[in-house]
Amino acid sequence: MRGLVLAAGAFALLVLASAVVLRVYPGNKEFKVFLGAFVGSVVLYAGGFWLLPADLGFIPPAWQESSPAVDLGNGLLILVLVFHGYWCFAYFSCLSPSMSVMVALRQRGSGGMTESEALAIQGSDEPVNLIFRRRLPKLLKGGYVSEEDGAYRLLARGERVASLGSFLKRLINAQVGA
Amino acid sequence: MTLWLVVQGIVFHAAAPRKAFSSMLGWFAPTIPLYLVLYWVTPANLGVLSDGFVGVDWRLGLLNGLTIHVLLFLTAGLFYSHADRSITVRLLIELSRAPRQRLTLAQMQERCGVEVLMQDRLDIMVRNGFLASRGSRLVLTPKGWIGGSVGLVARRVFRMKAL
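Order-wise, the sequence lines are chains A and F. Per the working numbering, the first sequence starts with residue 21, numbered consecutively. Per the working numbering, the second sequence starts with residue -7, numbered consecutively.
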């Protein structure tokens, strides 16, 4: 029980810290903010587990785990799983093209939009649309692709990710080129 | 969870459901009563666990196991989403399949650009009941309105930038 309570507390702080930092973070590598907040929450969780009493001052004896190691591991597992969900939720909510359409429609009210207006949200009428403007620089900087003679070439690191992606798509029977 | 993963894997390959998440949810739902029944009929130590792994209060053990079971399912759903929908992975796969693994920007935009991608996404959102077609216009369904509202609040909280 101690692990669960501390994991809940650490996660609440993680959400608060990441939301505050993202408001002032100037770059576009938000994953660093999330990972930093996660590392901080794990340190807080482990520190709290180490320093605070086994009953945290309010847990009845019947709800205390007999093995501290199991309690620690259980809380950490839940913290990791919830963090992963939170991270994905934040990215999906803020950056997903599908969510962008729903948010734009929500702001417009009942009028709706045409398909071409939905495409324009992602900069379809610009020379390089938003989807590429966000991802290509990251792929270049991360060493996944290189730019040469006006074209992009896949590097070994990118090839490994592509192979893994193809394998995962086959695993779930998704279209490899989709 | 393992049983569900095996069954879901078979379903994906045998039936290729059009509504993947509905299928996952549909096949996962029966595992909840199954878990409760197994928790009820099996001994606390499952015949193999040491005392340190046996919880003091059965209610806490039940709730804890259920929480982890649901969280693992949600994680599996996100894993599916990463594998099926990731735009970056799709870009890299397109590059890996191209001659000499090279594509110009125009070729990339033609193969997995915003038109191709957004058409896929709009179709999926209509199929999954988030959007509805009204003449030539797309409108939110009640489900889509909730999704859009959640996204709106999340964007105000996180303020992550598209660029």
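In this text, a Cβ means the ideal position worked out from N, Cα and C, and glycines have one as well. Keep in mind the model is a prediction, meaning the values are calculated, not measured.
- Message: Which runs of the beta strand (DSSP E) at least 3 residues long sit entirely within the segment 84 to 132 of chain F? Give them in chain order.
- Response: Secondary structure within the segment 84 to 132 of chain F: the beta strand (DSSP E) runs of 3 or more consecutive residues, fully enclosed, are 94 to 96, 123 to 126, 129 to 132 (chain order).
- Message: Please report the distance separating the alpha-carbon of Phe20/F from that of Phe65/F.
- Response: 8 Å
- Message: Quick check on DSSP: helix, strand or coil for Thr(-6)/F?
- Response: helix
- Determine the contact status of Met16/F and Ala138/A, defining contact as a CB-CB distance below 8 Å. no
- Message: Nearest by alpha-carbon distance to Leu97/F: which of Leu24/A, Leu97/A, Arg22/A, Arg173/A is it?
- Response: Arg173/A
- Message: Could you pull the DSSP bridge partners for Ser186/A from this structure?
- Response: In DSSP, Ser186/A forms no bridge with anything.
- Message: Going by DSSP, what residue range makes up the alpha helix (DSSP H) through Glu50/A?
- Response: 50 to 71
- Item | Beta bridge counterpart(s) of Arg173/A as assigned by DSSP | Ser166/A, Arg94/F
- Hey, out of Leu99/A, Ser120/A, Gly162/A, whose CA is closest to Val145/F's CA? Ser120/A
- Buried versus exposed, by CB contacts within 10 Å (16 or more), Pro80/A: exposed
- Item | Exposure of Leu28/F, with buried meaning 16 or more beta-carbon neighbours within 10 Å | exposed
- Message: Taking the beta carbon of Thr80/F as the centre, do at least 16 other beta carbons fall within 10 Å, making it buried, or is it exposed?
- Response: buried
- Tyr65/A at chain F interface by Cβ criterion, 8 Å: no
- Does the count of Cβ pairs from the segment 89 to 107 of chain A and the segment 128 to 139 of chain F closer than 8 Å reach three? Flag = no, the segment 89 to 107 of chain A and the segment 128 to 139 of chain F do not touch.
- Item | Euclidean distance between Cα positions of Ile138/F and Arg92/F | 45 Å
- Query: With 8 Å set as the bound, which would you pick, yes or no: does the beta-carbon of His61/F sit closer than that to a beta-carbon of chain A?
  - Reply: no
- Can you tell which of Gly121/F, Glu86/F, Arg151/F, Ile2/F has its C-alpha closest to the C-alpha of Val108/F? Glu86/F
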